[in-house]
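There are 2 protein chains.
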Amino acid sequence: MKKRSVTSLEVAALAGVSQSAVSRCFSPNASIAPKTRERVLAAAKQLGYRPNSIARSLITRSSRTIAVVMSQLDNPFYAQMLDVASRRLQQHGYHLLLFMSGDEQESASVMGEILQSQAEGILMLAAMLSSSFAQECVARSIPVVMINRTVTFEGVSQVASDNYQGGYWVGEFLVESGCERIAFISGLPESSTSTERHRGFLDALAFHGHCCCKEARGDYDFATAQAATRELFNAKPYPDAVFAANDHMAVAVMDTLRSEMGLRVPEDVSVVGFDNTPVAAWPSYQLTTLQQPIESMVVEAIALLLAQIDSGNVSGEYKVLPIVPILRASTRCSKTVI
Amino acid sequence: MKKRSVTSLEVAALAGVSQSAVSRCFSPNASIAPKTRERVLAAAKQLGYRPNSIARSLITRSSRTIAVVMSQLDNPFYAQMLDVASRRLQQHGYHLLLFMSGDEQESASVMGEILQSQAEGILMLAAMLSSSFAQECVARSIPVVMINRTVTFEGVSQVASDNYQGGYWVGEFLVESGCERIAFISGLPESSTSTERHRGFLDALAFHGHCCCKEARGDYDFATAQAATRELFNAKPYPDAVFAANDHMAVAVMDTLRSEMGLRVPEDVSVVGFDNTPVAAWPSYQLTTLQQPIESMVVEAIALLLAQIDSGNVSGEYKVLPIVPILRASTRCSKTVI
DNA sequence: GGCGTTGTTGCATACGAATGCAAATGGTTT
DNA sequence: AAACCATTTGCATTCGTATGCAACAACGCC
Numbered sequence: 001m002k003k004r005s006v007t008s009l010e011v012a013a014l015a016g017v018s019q020s021a022v023s024r025c026f027s028p029n030a031s032i033a034p035k036t037r038e039r040v041l042a043a044a045k046q047l048g049y050r051p052n053s054i055a056r057s058l059i060t061r062s063s064r065t066i067a068v069v070m071s072q073l074d075n076p077f078y079a080q081m082l083d084v085a086s087r088r089l090q091q092h093g094y095h096l097l098l099f100m101s102g103d104e105q106e107s108a109s110v111m112g113e114i115l116q117s118q119a120e121g122i123l124m125l126a127a128m129l130s131s132s133f134a135q136e137c138v139a140r141s142i143p144v145v146m147i148n149r150t151v152t153f154e155g156v157s158q159v160a161s162d163n164y165q166g167g168y169w170v171g172e173f174l175v176e177s178g179c180e181r182i183a184f185i186s187g188l189p190e191s192s193t194s195t196e197r198h199r200g201f202l203d204a205l206a207f208h209g210h211c212c213c214k215e216a217r218g219d220y221d222f223a224t225a226q227a228a229t230r231e232l233f234n235a236k237p238y239p240d241a242v243f244a245a246n247d248h249m250a251v252a253v254m255d256t257l258r259s260e261m262g263l264r265v266p267e268d269v270s271v272v273g274f275d276n277t278p279v280a281a282w283p284s285y286q287l288t289t290l291q292q293p294i295e296s297m298v299v300e301a302i303a304l305l306l307a308q309i310d311s312g313n314v315s316g317e318y319k320v321l322p323i324v325p326i327l328r329a330s331t332r333c334s335k336t337v338i
Numbered sequence: 339m340k341k342r343s344v345t346s347l348e349v350a351a352l353a354g355v356s357q358s359a360v361s362r363c364f365s366p367n368a369s370i371a372p373k374t375r376e377r378v379l380a381a382a383k384q385l386g387y388r389p390n391s392i393a394r395s396l397i398t399r400s401s402r403t404i405a406v407v408m409s410q411l412d413n414p415f416y417a418q419m420l421d422v423a424s425r426r427l428q429q430h431g432y433h434l435l436l437f438m439s440g441d442e443q444e445s446a447s448v449m450g451e452i453l454q455s456q457a458e459g460i461l462m463l464a465a466m467l468s469s470s471f472a473q474e475c476v477a478r479s480i481p482v483v484m485i486n487r488t489v490t491f492e493g494v495s496q497v498a499s500d501n502y503q504g505g506y507w508v509g510e511f512l513v514e515s516g517c518e519r520i521a522f523i524s525g526l527p528e529s530s531t532s533t534e535r536h537r538g539f540l541d542a543l544a545f546h547g548h549c550c551c552k553e554a555r556g557d558y559d560f561a562t563a564q565a566a567t568r569e570l571f572n573a574k575p576y577p578d579a580v581f582a583a584n585d586h587m588a589v590a591v592m593d594t595l596r597s598e599m600g601l602r603v604p605e606d607v608s609v610v611g612f613d614n615t616p617v618a619a620w621p622s623y624q625l626t627t628l629q630q631p632i633e634s635m636v637v638e639a640i641a642l643l644l645a646q647i648d649s650g651n652v653s654g655e656y657k658v659l660p661i662v663p664i665l666r667a668s669t670r671c672s673k674t675v676i
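Here it is, written out as structure tokens:
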């Protein structure tokens, strides 16, 4: 059935050497005479030989593969992370096995696949990890790094941007720019990013003697944010500021305010988002938002993974990276902010 | 160094059977007594055994892996395709190995990696394939399917939406809605999607006795489209319609017209995009555009791949899927269009 | 009870490359 | 020419699982 591929043995025969010699030609630091090497490479080229990395993985017991688990790809923010992760892993000579995991049960089958696949590390991009699999990974000393999801399992590493600080900054900024009735639209309640932003935000308001006048729940997507906006603005007095837990929703808020409520941004309502996605910079929105250091987060996460793979022992580390406020025209500004 | 993982041999020892019996418990349709199976599964569970799919791949000579090559993930259109592809492959029991390939030289190293990885099929999402690698894939009977990139190599399959027809529709529609000075912003010149759209568009204009008043080049991204817009509108008489080769650019055009030129859409200028990305539906844009059947394209591409893998012989097939016009408020409409 | 039939099981081998070890090679020194 | 060393090479084994084949058991049938 399957077509036989060219093996090192055939190359060896053609070059008149042993299979070992062929192998040594394709592994760095191996002892091989330049002349032999040349002859072998010529034979390999002639036959179209490529080392079979599956066989190599089996004998060396290292797949040089990292599994990446994601829950959504429609958010450009995570798509960009995947982009960075992919290029970065390629640079380090690792392959990237991609898995999408939605509900609980799908997640179980995905984790099963990953464990069988002999991936050497797992990168979770905004995806959840069940406690039992976390344990199983630790038991097999497979490092796991979660990005933007907090979890309390022993041995699981985390990289996150400082969502609390970001939320705090928004609260403080809106108060200082003179907003009085400040509303919040959350993301998925189970996502720690949303809850952290929320907590920081409320703490800042409280510190300045304010409180959050209204809250609604979104799902990080356009439609729910639109519904949330209608809910927030269903009765006067309207909020004069809305903090949405991500840009995607903030943009939905702006669109809804303008097209359905006839309100202006920022004159009538200030809007703040989170993520600094490309859309936030578009002239139509000019959204004030917080930039997560996407690239650094991914780079840091991969560094953690590879370090743990190299050292051989998994350790639950926790990195928090600072967030940068991006001030644009979707918010009133009564004073200069650093 | 490497921690030894639990093998079928250890499970066999614990269950008091041979290694073969353990293997048979984990392969469907194998001959195994229910009682033995139960005993083995219990032992496997106790030890935390998972079959090593690398060893399995080596002996069965099938990796059950598809390599996906992309050039960009910042375009949500392709991110969505990847999403669909991933879930679909998972359903079929295949793994997805992701590669990003930018320039020529990177592409060569990526293709080398793929060939070594023993992937059973290659899906190119808007990425280019060099002639030599196409040949090498055919020689190894590895099926290759390209989505939205045309290529003339023997044995390489293609799935595309009917870009020509889409472009034709736009040309016809703009003429019929009374536009007089119709401009075009292209995508990357080497992408067949852009050239096909362009060709259909020009043919339609010509058929109706019009021509394209001005053209500019974009790169499918926001910034270049903005530059292109400035170029198109640097002198009067302004175009009264712009067809951008994708939504991303169309949105950039609208933003630039509104914020920099003080022009209204669609009163002063009609704008048409391509792709029907989520942004196109946002209230601020209400972009008339053409919807590519993303899901069908990917599903079709994967069906082609798997069929060729099963049958064992690669064949260069070519599928064109119809495109659906989505009429929104970014264009004037002087007559009812189907 | 002997025989054929069906269903299970274990043995042995294969997949393709990496690598420890010993043998062989080649060059240099005494 | 012998002895020595450094380098290169081949042999044999290994990784963990699948599978053809033969042995075997259980069972019903004549």
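One line per chain: the protein sequences are W and G, in this order. With the first letter of the first sequence counted as 1, position 145 gets the number 145 in my numbering; the numbers rise by one all the way through. With the first letter of the second sequence counted as 1, position 140 gets the number 478 in my numbering; the numbers rise by one all the way through. Ideal Cβ placement from N, Cα and C applies to all residues, glycine included.
Sequence-distant residues of the same chain with beta carbon closer than 6 Å to residue 411 of chain G, five excluded per side: The count along the second sequence starts at 1 and reaches residue 411 of chain G at position 73. 417, listed in sequence order.
Three-state secondary structure (DSSP) at residue 433 of chain G? As a position in the second sequence, residue 433 of chain G is number 95, starting the count at 1. Three-state DSSP puts residue 433 of chain G in a strand.
DSSP state of residue 383 of chain G mapped onto helix, strand, coil: Reading the second sequence from its first residue, position 45 is the one you call residue 383 of chain G. Here DSSP, grouped into helix, strand and coil, assigns residue 383 of chain G to helix.
With a threshold of 8 Å, are at least 3 pairs of Cβ atoms found where one atom belongs to the region 602-615 of chain G and the other to the region 624-633 of chain G? Touching, yes.
Run through DSSP, which three-state label would residue 330 of chain W get? Taking the first sequence and counting its residues from 1, one reaches residue 330 of chain W at position 330. Reduced to three states, the DSSP call for residue 330 of chain W is coil.
Do the region 554-571 of chain G and the region 501-514 of chain G meet, that is, are 3 or more Cβ pairs less than 8 Å apart? Touching, no.
Looking at the secondary structure, which residues open and close the alpha helix (DSSP H) in which residue 121 of chain W lies? In the first sequence, counting from the first residue as 1, residue 121 of chain W sits at position 121. Note, residue 121 of chain W: premise wrong, no alpha helix (DSSP H); beta strand (DSSP E) at 121-125.
Residues that residue 582 of chain G bridges to, as DSSP identifies them: By one-based count along the second sequence, residue 582 of chain G stands at place 244. Answer is G:523, bridged to residue 582 of chain G.
Going along the region 641-654 of chain G in order, which residues come within less than 8 Å of chain W, judged by CB to CB distance? For the region 641-654 of chain G, residues whose beta-carbon sits nearer than 8 Å to a beta-carbon of chain W comprise 650.
Looking at C-alpha atoms only, which residue of G:483, G:446, G:578 and G:670 is the closest neighbour of residue 459 of chain G? Locating residue 459 of chain G in the second sequence gives position 121, where the first residue counts as 1. Measuring from the Cα of residue 459 of chain G, the nearest candidate turns out to be G:483.
Using 8 Å as the threshold, is the C-beta distance between residue 250 of chain W and residue 244 of chain W below it? Numbered from its first residue, the first sequence carries residue 250 of chain W at position 250. Numbered from its first residue, the first sequence carries residue 244 of chain W at position 244. Yes.
Could you work out which residue in G:618, G:603 and G:349 is closest to residue 670 of chain G when comparing CA atoms only? What you label residue 670 of chain G is simply residue 332 of the second sequence in a count that begins at 1. That would be G:603, whose Cα lies nearest to the Cα of residue 670 of chain G.
Residue 474 of chain G CB to nearest chain W CB: under 8 Å? Position 136 of the second sequence holds residue 474 of chain G. Yes, residue 474 of chain G lies at the interface with chain W (some Cβ there is under 8 Å from its Cβ).
Looking only at C-alpha atoms, which of G:519, G:383, G:464 and G:573 sits nearest to residue 349 of chain G? Locating residue 349 of chain G in the second sequence gives position 11, where the first residue counts as 1. Distance check between residue 349 of chain G and each of G:519, G:383, G:464 and G:573 places G:383 closest, using alpha-carbon atoms only.
In this structure, does DSSP put residue 568 of chain G in helix, strand or coil? As a working note, residue 568 of chain G is residue 230 in the second sequence. Of the three classes helix, strand and coil, the one that applies to residue 568 of chain G here is helix, per DSSP.
Please classify residue 456 of chain G as buried or exposed, where buried requires at least 16 neighbouring CB atoms within 10 angstroms. If you number the second sequence from 1, residue 456 of chain G lands on position 118. Around the CB of residue 456 of chain G, 16 or more other CB atoms lie within 10 Å, so the residue is classed as buried.
Run of the beta strand (DSSP E) containing residue 496 of chain G, from where it starts to where it stops: Walking along the second sequence from the start, residue 496 of chain G turns up at place 158. Its beta strand (DSSP E) spans residues 494-499.
List the whole-angstrom C-beta distance separating residue 374 of chain G from residue 344 of chain G, where the pair is believed to meet the contact cut-off of C-beta under 8 Å. Position 36 of the second sequence, counting from 1, holds the residue named residue 374 of chain G. Position 6 of the second sequence, counting from 1, holds the residue named residue 344 of chain G. Beta-carbon to beta-carbon, residue 374 of chain G and residue 344 of chain G are separated by about 19 Å, too far to satisfy the 8 Å threshold.
With distances taken from CA atoms, which of W:173, W:180 and W:174 is nearest residue 238 of chain W? Residue 238 of chain W sits at position 238 when you count from the first residue of the first sequence. Out of W:173, W:180 and W:174, W:180 has the C-alpha closest to the C-alpha of residue 238 of chain W.
What is the residue span of the beta strand (DSSP E) that residue 67 of chain W lies within? In the first sequence, residue 67 of chain W corresponds to position 67, counting from 1. For residue 67 of chain W, the enclosing beta strand (DSSP E) begins and ends at 65-70.
Report all residues from its chain with a CB closer than 8 Å to the CB of residue 224 of chain W; omit the five preceding and five following residues, and keep chain order. Taking the first sequence and counting its residues from 1, the one referred to as residue 224 of chain W is at position 224. Hits under 8 Å: 217, 218 and 249.
State yes or no: is the beta carbon of residue 485 of chain G nearer than 8 Å to at least one beta carbon in chain W? Residue numbering aside, residue 485 of chain G sits at position 147 when the second sequence is read from its first letter. Judged by the 8 Å Cβ criterion, residue 485 of chain G is not in contact with chain W.
In whole angstroms, give me the CA-to-CA distance for residue 419 of chain G and residue 572 of chain G. Along the second sequence, read from residue 1 onward, the residue named residue 419 of chain G stands at position 81. Along the second sequence, read from residue 1 onward, the residue named residue 572 of chain G stands at position 234. C-alpha separation (whole angstroms): 37 Å.
State the Cα-Cα distance for the pair residue 51 of chain W and residue 436 of chain G, rounded to the nearest angstrom. Translated into the one-based positions of the first sequence, residue 51 of chain W becomes position 51. Translated into the one-based positions of the second sequence, residue 436 of chain G becomes position 98. Residue 51 of chain W and residue 436 of chain G: Cα-Cα distance of roughly 20 Å.
Nearest-angstrom Cα separation, counted from residue 466 of chain G out to residue 540 of chain G: Position 202 of the second sequence holds residue 540 of chain G. Position 128 of the second sequence holds residue 466 of chain G. When rounded, the distance between both Cα atoms is 25 Å.
Inter-residue Cα distance where the pair is residue 49 of chain W and residue 24 of chain W: By 1-based counting over the first sequence, the position of residue 49 of chain W is 49. By 1-based counting over the first sequence, the position of residue 24 of chain W is 24. So the alpha carbons of these two residues sit roughly 14 Å apart.
Expected contact under 8 Å - CB spacing of residue 654 of chain G and residue 495 of chain G to nearest Å: The residue you call residue 654 of chain G lines up with position 316 of the second sequence. The residue you call residue 495 of chain G lines up with position 157 of the second sequence. Right, their Cβ atoms sit about 6 Å apart.
Rounded to whole angstroms, what is the Cα-Cα separation between residue 663 of chain G and residue 510 of chain G? In the second sequence, the residue the question calls residue 663 of chain G occupies position 325. In the second sequence, the residue the question calls residue 510 of chain G occupies position 172. If you draw a straight line from the Cα of residue 663 of chain G to the Cα of residue 510 of chain G, it is about 12 Å long.
Rounding to the nearest angstrom, what Cα-Cα distance links residue 607 of chain G and residue 63 of chain W in this structure? The residue labelled residue 607 of chain G in the question sits at position 269 within the second sequence. The residue labelled residue 63 of chain W in the question sits at position 63 within the first sequence. Distance from the CA atom of residue 607 of chain G to the CA atom of residue 63 of chain W, rounded to whole angstroms, is 56 Å.
Using a C-beta to C-beta distance shorter than 7 Å, which residues of chain W count as neighbours of residue 395 of chain G? As a working note, residue 395 of chain G is residue 57 in the second sequence. Close partners of residue 395 of chain G in chain W (Cβ separation under 7 Å): 54.
Distance, Cα to Cα, residue 154 of chain W vs residue 124 of chain W? Within the first sequence, residue 154 of chain W is the residue found at index 154, counting from 1. Within the first sequence, residue 124 of chain W is the residue found at index 124, counting from 1. So the alpha carbons of these two residues sit roughly 16 Å apart.
For residue 185 of chain W versus residue 228 of chain W, is the C-beta spacing smaller than 8 Å? Taking the first sequence and counting its residues from 1, one reaches residue 185 of chain W at position 185. Taking the first sequence and counting its residues from 1, one reaches residue 228 of chain W at position 228. Yes, these two residues count as a Cβ contact at 8 Å.
Looking only at its chain, what residues have a beta carbon closer than 8 Å to the beta carbon of residue 422 of chain G, apart from the 5 residues adjacent to it on each side? Translated into the one-based positions of the second sequence, residue 422 of chain G becomes position 84. Here the set comprises 632, 633, 636 and 637.
Residue interval of the alpha helix (DSSP H) (run including residue 213 of chain W): Sequence index remark: in the first sequence, residue 213 of chain W carries index 213 (1-based). Taken as a continuous stretch (DSSP letters only), residue 213 of chain W belongs to no alpha helix (DSSP H), being part of the beta strand (DSSP E) at 212-217.
Give me the Cβ distance between residue 414 of chain G and residue 76 of chain W, rounded to the nearest whole Å; I'm assuming they're in contact under 8 Å. Here residue 414 of chain G is taken as the residue at index 76 of the second sequence, counted from 1. Here residue 76 of chain W is taken as the residue at index 76 of the first sequence, counted from 1. Indeed, because the Cβ distance is near 6 Å, the residues count as touching under 8 Å.
Tell me, which residues are paired with residue 147 of chain W by DSSP? To locate residue 147 of chain W, count along the first sequence from 1; it is residue 147. DSSP lists W:125 and W:159 as the beta-bridge partner residues of residue 147 of chain W.
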